[in-house]
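Quick note on this note's numbering: the sequence shown kicks off at 1 and runs consecutively. As structure tokens, the structure follows; a few thoughts come after it.
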Amino acid sequence: MTDDPTQRVLRAVRSDLGDPATWGAPVEMRDSLALCALNSAHSLRAGSTSVRRVLRRYRDHRLAAGADPERDSGPDLLAVIDAAGGPAGFSDEVTRNHSKLPRTKRLRAEGIYEALTNLEAIGITTTAQLRERAEDDEAQWAWRRPKGLGPLSWQYLLMNAGVGSLTKPDVMIRRYLGRVTGQKISVARATELLTEVARELGVEVRALDRAIWLHESPTGASPASTTTKEETA
1 MTDDPTQRVL
11 RAVRSDLGDP
21 ATWGAPVEMR
31 DSLALCALNS
41 AHSLRAGSTS
51 VRRVLRRYRD
61 HRLAAGADPE
71 RDSGPDLLAV
81 IDAAGGPAGF
91 SDEVTRNHSK
101 LPRTKRLRAE
111 GIYEALTNLE
121 AIGITTTAQL
131 RERAEDDEAQ
141 WAWRRPKGLG
151 PLSWQYLLMN
161 AGVGSLTKPD
171 VMIRRYLGRV
181 TGQKISVARA
191 TELLTEVARE
201 LGVEVRALDR
211 AIWLHESPTG
221 ASPASTTTKE
231 ETA
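This is the structure in structure tokens:
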């Protein structure tokens, strides 16, 4: 049997994760740039329970206002933040979450506000526009310019918006790949391996990413669950 790392991962995935048909759908907010932004920024080094609370509170807030959070654009979220008096007020009144972006002293809402403002300035206000410019360096830089929003947050933003060809290989996924291959796995190498294995399995890369993450999750969630993927890198 070959020692090729891709084949090792492929065998392990088939053994550990079972039939891809049982994995469940990836996390997606296909028509709401607002929810994609909240989920991406709040997932950075945060537990999935806290992220679900943020999303639920935002949804409840918007529904109470007679709006549809599942279709909220970037400017819609910016308007909600402004109406709350800015990022601090939004964090107090709406999400009730005062956690900071990784390696910063900035509220997550501050980074979100800046990033969505940057995207709006270059004509990206909806998930459809985001998908169209998924490979646009200008769009990526607009999102990543705020301190604390790195490349993985950009990839997860796109994955949430419906781009299935991407992965967000955080520490749990790299740990799994390292254990299976016996190698130290970088983010770039993890991306290569997941892309190759997903192609072999005939699945989206983001679906494989999520299934492995759930397998490695300390909560013990099954791939078919609806747990929100968190950033632990």
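Even for Gly, the Cβ is constructed at its ideal location relative to N, Cα and C. Bear in mind that the values here come from a model prediction, so they are computed numbers and not experimental data.
Taking C-alpha positions only, ALA198 is separated from GLY85 by approximately 45 Å. Burial is judged here by how many other beta carbons sit within 10 angstroms of a residue's own beta carbon; HIS98 has fewer than 16 and is exposed.
For GLN129, the uninterrupted alpha helix (DSSP H) segment begins and ends at 127-132.
Nearest to SER73 by alpha-carbon distance, out of ARG108, LEU116, ALA46, is LEU116.
Counting C-beta pairs with one atom in each stretch, the stretch 160-176 and the stretch 10-30 have three or more that are closer than 8 Å, which means they touch. Take PRO75, set aside five residues on each side of it, and the residues of its chain with a beta-carbon closer than 7 Å to its own are GLU120, THR125, in chain order. Beta-bridge annotation (DSSP): LYS100 is paired with LEU107. In the three-state reduction of the DSSP assignment, TRP23 falls in the coil class, being assigned neither a helical nor a strand state. With contacts defined by Cβ atoms closer than 8 Å, ASN39 and LEU55 form a contacting pair. In the assembly as shown, THR22 is an exposed residue. Its beta-carbon has fewer than 16 other beta-carbons within 10 Å. Shown here, THR195 sits in a helix according to DSSP, grouped into three states.
For SER186, the number of other beta carbons within 10 angstroms of its own is below 16, and it is reported as exposed. When rounded, the separation of the alpha-carbon atoms in ALA188 and ALA46 is 22 Å. Cβ-Cβ separation between ALA190 and LEU177: approximately 5 Å, consistent with a contact (criterion under 8 Å).
Here PRO69 is buried, its C-beta having at least 16 other C-beta atoms within 10 Å. Annotation: LEU194 to PRO5 spans about 11 Å, alpha carbon to alpha carbon.
Taken through DSSP and simplified to helix, strand or coil, PRO87 comes out as helix. Judged by their CB atoms, GLY111 and GLY148 are nearer to each other than the 8 Å cut-off. Here PRO169 is buried, its C-beta having at least 16 other C-beta atoms within 10 Å.
Apart from the 5 residues on each side of it in sequence, ASN118 sits with its Cβ closer than 6 Å to the Cβ of ALA142, ARG145 in its chain, given in chain order. The shortest CA-to-CA distance from PRO87 to any of ARG206, LEU107, LEU101 is the one to LEU107.
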